[in-house]
Amino acid sequence: DGGITQSPKYLFRKEGQNVTLSCEQNLNHDAMYWYRQDPGQGLRLIYYSQIVNDFQKGDIAEGYSVSREKKESFPLTVTSAQKNPTAFYLCASSILGQTEAFFGQGTRLTVV
Amino acid sequence: KNEVEQSPQNLTAQEGEFITINCSYSVGISALHWLQQHPGGGIVSLFMLSSGKKKHGRLIATINIQEKHSSLHITASHPRDSAVYICAVRSASGSARQLTFGSGTQLTVLP
Numbered sequence: 410d411g412g413i414t415q416s417p418k419y420l421f422r423k424e425g426q427n428v429t430l431s432c433e434q435n436l437n438h439d440a441m442y443w444y445r446q447d448p449g450q451g452l453r454l455i456y457y458s459q460i461v462n463d464f465q466k467g468d469i470a471e472g473y474s475v476s477r478e479k480k481e482s483f484p485l486t487v488t489s490a491q492k493n494p495t496a497f498y499l500c501a502s503s504i505l506g507q508t509e510a511f512f513g514q515g516t517r518l519t520v521v
Numbered sequence: 058k059n060e061v062e063q064s065p066q067n068l069t070a071q072e073g074e075f076i077t078i079n080c081s082y083s084v085g086i087s088a089l090h091w092l093q094q095h096p097g098g099g100i101v102s103l104f105m106l107s108s109g110k111k112k113h114g115r116l117i118a119t120i121n122i123q124e125k126h127s128s129l130h131i132t133a134s135h136p137r138d139s140a141v142y143i144c145a146v147r148s149a150s151g152s153a154r155q156l157t158f159g160s161g162t163q164l165t166v167l168p
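Top line first, the protein sequences correspond to chains X and E.
First residue of the first sequence: 410, per this note's numbering; consecutive thereafter.
First residue of the second sequence: 58, per this note's numbering; consecutive thereafter.
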């Protein structure tokens with residue numbers, strides 16, 4: 410079945426460590442997105458990519474980095490520079506130019 | 058002021074009740090989504106609207122472009138409908154930045 414896979418579902422890290430969240434899709438979508446969700450707030454865009462080897466900052470990119478070496482994969486690294494990294498992270502993809510978006514199941518990151 | 062406002066924030070209903078969740082937005086849009094997020098966190102798309110009304114099973118979504126308002130209705134609600142319902146809009150400017158999200162409505166349906 411086609412879809413988006415995020416792993417792991419839960420992740421714990423010590424403060425000061427970088428951590429990478431995985432997002433893989435087999436939908437042949439050009440566009441991929443990373444969102445952050447905090448309690449009581451709407452999803453906020455971290456980074457997005459429309460094509461391999463290219464990506465753009467979203468609204469809250471500080472403290473995060475991404476890569477897009479393959480069409481299927483768009484990993485997100487939460488760096489030690491991110492001041493408040495504990496959150497729920499969602500990956501999405503879509504056909505470029507279309508509104509329909511498909512979401513992964515999310516990764517809940519807890520930094521202790 | 059957020060571009061997308063949902064009401065209510067929290068809603069508790071008895072099984073069988075008719076439920077309405079509202080979404081107001083302040084920008085011109087090309088499409089509006091209603092999404093459902095279950096306790097595990099995964100999100101599924103329920104509807105995408107650009108005008109009028111759509112129905113799927115017990116769910117009905119309407120949009121009034123002139124009033125910049127959309128509603129999601131659930132008829133004959135059931136405990137399995139308990140979830141967070143999220144409204145999201147895509148700006149008419151067609152930005153590739155995708156969607157702007159409301160903060161969600163937590164729905165709890167009691168048996």
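Backbone N, C-alpha and C fix where the C-beta goes; we use that ideal spot for every residue, glycine too.
- Membership of E:Gly109 in the beta strand (DSSP E) is indicated by the continuous run 109-113.
- For X:Phe497, the enclosing beta strand (DSSP E) begins and ends at 496-503.
- The count of Cβ pairs closer than 8 Å, one atom from the segment 433-444 of chain X and one from the segment 119-129 of chain E, stays below three, leaving the stretches out of contact.
- For X:Trp443 and E:Ala133, the gap between their C-alpha atoms comes out near 35 Å.
- Counting other Cβ atoms within 10 Å of its Cβ, X:Ala490 stays below 16 and is therefore classed as exposed.
- Beta bridge pairing from DSSP links X:Asn435 with no other residue.
- The three-state reading of DSSP puts E:Arg137 in helix, counting H, G and I together.
- Between the beta-carbon of X:Thr495 and that of X:Val520 there is about 5 Å, and that keeps the pair under the 8 Å contact cut.
- Annotated three-state conformation of E:Phe158 is strand, per DSSP.
- Taken through DSSP and simplified to helix, strand or coil, E:Ser150 comes out as coil.
- In the DSSP assignment, E:His95 falls outside any beta strand (DSSP E), carrying neither H nor E.
- Residue contact check for X:Glu433 against chain E: no CB pair falls below 8 Å.
- Fewer than three beta-carbon pairs drawn from the segment 101-119 of chain E and the segment 154-163 of chain E are found closer than 8 Å, and the two stretches are therefore not classed as touching.
- Within 10 angstroms of the beta-carbon of E:Thr69 lie fewer than 16 other beta-carbons, which makes it exposed.
- Note on geometry: alpha-carbon atoms of X:Ala440 and X:Leu499 lie some 14 Å from one another.
- Per DSSP, the unbroken beta strand (DSSP E) holding X:Arg453 starts and ends at 453-460.
- Taking 9 Å as the Cβ-Cβ cut-off, the segment 494-518 of chain X approaches chain E at Phe497, Leu499, Ala501, Ser503, Leu505, Gly506, Thr508, Glu509, Ala510, Phe511, Phe512, Gly513, Gln514, Gly515, Thr516, Arg517, given in chain order.
- For X:Arg517, the enclosing beta strand (DSSP E) has its first and last residue at 516-520.
- Under the DSSP assignment, X:Asp468 falls outside any beta strand (DSSP E); it carries neither an H nor an E label.
- For the options E:Glu62, E:Gly73, E:Val61, the alpha carbon positioned closest to that of E:His130 is the one of E:Gly73.
- The contact set of E:Val84 on chain X, defined by CB atoms closer than 8 Å, is empty, because the minimum CB distance reaches about 14 Å.
- Looking at the DSSP output, E:Ser102 bridges to E:Leu92.
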